[in-house]
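Residue numbers (this note's numbering), protein chains in the order written: chain A, 0 to 272; chain B, 3 to 940.
All C-beta atoms, glycine included, are put in the ideal place defined by N, C-alpha and C.
This one's a predicted model, so the numbers in the text were calculated from it and none came from an experiment.
Written below as structure tokens is the structure these notes are about.
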């Protein structure tokens, strides 16, 4: 039978995922996602900095990935570092475009002050398909991010003064409607599947990582693995990725909205759940 | 139950931080009421049946206040009848944030048992904790927390709870929640048993609610001021009102090199700033700069509205020849430094009026408008008043009555006034301080004598002013076999009794110095120490800290040694007695020899000192003879200076310098020293000018030059001229200050007046706390005592120096004020003509010094209609009338009397007698200096 995998999923099925936001109170926004044995925690910190000289009226987003040595035996010692760089690279690439995040919104005073979103990713446990889960968690954490509102006063000499609102509820949000998620499409034999399990990853020779938004825009693409892909299957895999990516982004966004509706009185699971 | 408090804040560096604090809620916080048997109370504070009769609420009730009530109506809360008040934690924390003095006062009330004030930690109680809602301001949240706690109490107890708040919105909301809420004035009015409480109500009016024309420009909000200061548009400084002219003030600008003093003129520019406030000022354009007017202006009794512009015009008169000073205007108040002011009520023109004006004793404070129903009883009393606010449409600040001190002119009252006005702590020593005292009978223990050098065999004696009971220094001197001389200065070992960190130590550090009034001494340490155990009384074994020198016959130091010792003074002499012994050729005993030796050496030391440029300055000092029965002064005498005065002084200086060198060597970072900065040349300008008018040149380039030119400045026809010049020179000097050696470069350690490289205070530990610290430092450096952490911490020492400098200055002012008070009492029954000398010439007055009484005052040259027979020559600083010229240093005869036209406000009045000006000067009432005794009680 076609379209049935070892664990019973179809080729375009994701495994069960658990998502919770606002898990680390010290951050501006945070989220944790657990998918099978993969456990990812993301914290976002918003800090004031000077805008980059080539983009004076924009804020920035920066990714840092840390692989816990406990995540998988491979990460012992400095084993996780290369992997971490790989993740942060693809995240940066996927987010580096005008469409996904409105960085102009993060600018406080052109050329002088802007918000920088430091996205810290912790890979707590590795159970396959880390890239996809990381990107979902980043999206969730950005959705959860609250940036304090700042009013700018300028005096006659053109010098400026920032004033922070004393109301903790007075803050702005990051619109994640168009941010990309990564969908990894793995080629196994003649088929390609999404969300490969550990076993499937083991027998996959080539995979395609796609940064895809809810609007089906591909923002980044990367081929990985020792095997080669002919153009036709690349095209097929991209089509699959777009289809799945659109659905998974939409579902994620919907779930985030649902969670937010629960309000501050929702029962928190934290790391005990 | 755990909640977290989350807030964002901006750090100094400008980054934004999110702060998360854990906050736990509990269910075991008790309500504090004796009527409650639900809570597991450990000590219930609120009474079972509070008795406070209120017309509004006849049942027994407890009071809950909001933050503003605690902040602004403290005088009401402090009244004994107000009891059983619940102070919520929310309120307490907000008060702590907003005002440190208010926080201290409420904390003090909370410790008084009879007041039954209870702090309810509502923020941690599970039923009263409220979380901030989206869109709610911090204030609204706190108000809601207060209402929440009130309604919790209401449900929890059978007793009624009254919420007292001046916030109308809060009151309405409370009513909606079914709570009982009143404003402070509603509530206080309803207390039928205590009508006098109404007077203590703080008058607070916001600019919005009151009508009337705005008389002052608006103050800028703090945020705008801060921005302005950053950008350099505004400057921050402390506001110092002029003593002589209520429409003038100076602002000493903080941290600006270009303008350290900025002049403010005219009520519009002064803009409601009160002496002592920290203000933001804006410089006026250079064309509007002005110079201090030489007018002497006081707020007159019946001032009309249109009067002020006139006066301001006088101020603005063009003075082209005088160099102009940076002038500015007050744009906002950064910090009010209002305190309680002593003064009297100005008699009201309208009978039965409740609005009154209060005249503060401190001349630099404006009159204050207060409301009182007890004007009749307060007439003739000294009272204390507090400023509450100063709205834009009010000429005067608004305030309220705090308490009465006693009758005007009564000596106890007047002493109290001057202690309060100079912030001298004068309450009796607390029990915890007294419990630090050694037990009596005290004697020197074995252990003490083992660790100390026994100097009881030496012929030590003390020389002090008559009547001195706190003897802290004693001296000896003897010839040694090698021809050199051993000299010892022995200082009371106060640090033996005052151990660091004890209650007595803290109290002494706070008081800083003993304050001497004419008829009263406010001790720094309890009397048992100051007049007995530490005082080096004759024929008693006492602990001392000794400095022992070996001096050559030429008074050069060969060796110096410091040691803790035990001494036994042979005699406690007065300066006069010591002088007699020295002069009495027949006396050849050890004491006489010792004194003669000391006297000879002191003269040599003084010569050396003067050669190196030390200044001899003068200040008019007087002694009162006090009637033993009425305690009124009956005669005044200038203090006489004998050889022995300067003998003691020389050795004290020598000891201080030797000790300063020693402690600085041992503790280069944290030694407590005393410096006297060299005054900037501009300070000397007035005396140079004054001397020039008499044809004398003063050279002020160095201390030495100044000393020489002062010595040479003599006028044959005016023997008092030299002394006057020295008095004026004293006023050009900077204040000598304590400082911590680690905070300044060594070059700044200099003591200008004494012309020494380094100096400290070591010789009067009974009456100065600085000396106690120096004793401790010296003891550590010779290994006689253990150190402790605060002693070597330069930040702590620096802070201590700051307090000591403040206390010393205040003690000096209080002392002078006491002299003034006694002078006034002395003239109460007298009208006397006296010789005086002109110190300054003002535009409408002469500033005259009467050496005999050390008295200074103004001779106004204008009559009631503001006309003056004199013309003022500003360039020469001379007043002319016909062919009579009066300038600086000139001799005049003035009539001194008390103006009793206003019973409440008696003041000393000087009138010109000589030179005679027809139609202006008053006839002589007898030869100068003719003493009129008590008999003439007209």
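Test: residue i CB closer than 8 Å to a CB of chain B
i              : result
residue 165(A) : yes
residue 168(A) : yes
residue 24(A)  : yes
residue 278(A) : Past the boundaries of the shown model lies residue 278(A); chain A is included only from 0 to 272, so the question cannot be answered.
residue 27(A)  : yes
residue 147(A) : yes
residue 141(A) : no
residue 152(A) : yes
residue 61(A)  : no
residue 47(A)  : yes
Assumed close pair residue i, residue j - CB separation to whole angstroms, cut-off 8 Å
i              : j              : result
residue 206(A) : residue 186(A) : 6 Å
residue 915(B) : residue 895(B) : 4 Å
residue 348(B) : residue 326(B) : At roughly 36 Å, the Cβ-Cβ gap does not stay under 8 Å, so residue 348(B) and residue 326(B) are not in contact.
residue 727(B) : residue 712(B) : 6 Å
residue 570(B) : residue 609(B) : Going by Cβ atoms, the distance from residue 570(B) to residue 609(B) rounds to 33 Å, so no, they are not a contact pair.
Reduced DSSP category for residue i - H, G, I as helix; E, B as strand; rest coil
i              : result
residue 284(B) : strand
residue 526(B) : coil
residue 122(B) : strand
residue 201(A) : helix
residue 97(A)  : coil
residue 820(B) : helix
residue 84(A)  : helix
residue 637(B) : strand
residue 796(B) : helix
residue 460(B) : coil
Within-8 Å CB hit, residue i to chain A
i              : result
residue 134(B) : yes
residue 8(B)   : yes
residue 902(B) : no
residue 229(B) : yes
residue 847(B) : no
residue 147(B) : no
residue 766(B) : no
residue 282(B) : no
residue 287(B) : no
Chain-order list of residues whose beta-carbon lies under 6 Å from that of residue i (same chain, five-residue window excluded)
i              : result
residue 338(B) : 279
residue 47(A)  : 112
residue 497(B) : 774, 777, 778
residue 506(B) : 435, 438, 500
residue 810(B) : 515
Sequence-distant residues of its chain with Cβ nearer than 7 Å to residue i (five each side left out)
i              : result
residue 29(B)  : 128
residue 42(B)  : 30, 32
residue 473(B) : 464, 466, 537, 538, 539, 574
residue 263(A) : none
residue 190(B) : 78, 199, 200, 203
residue 673(B) : 665, 666, 743, 779
residue 350(B) : 358, 377
residue 372(B) : 358, 360, 387, 401, 402, 403
Contact set for residue i: own chain, Cβ-Cβ below 8 Å, skip 5 residues either direction
i              : result
residue 738(B) : 676, 677, 678, 753, 755
residue 529(B) : none
residue 342(B) : 386, 387, 388, 404, 422
- With contact counted as at least three CB pairs below 8 Å, one residue from each stretch, are the segment 421–430 of chain B and the segment 394–402 of chain B in contact? no
- Three or more C-beta pairs closer than 8 Å, one from the segment 120–136 of chain A and one from the segment 163–181 of chain A: is that the case here? yes
- Do three or more CB pairs link the segment 35–45 of chain A to the segment 105–121 of chain A at distances below 8 Å? yes
- Specify whether the segment 498–516 of chain B and the segment 600–620 of chain B touch according to this definition: at least 3 beta carbon pairs, one from each stretch, less than 8 Å apart. no
- Message: Assess contact between the segment 478–492 of chain B and the segment 550–561 of chain B, defined as three or more Cβ pairs (one per stretch) separated by less than 8 Å. Is contact present?
- Response: yes
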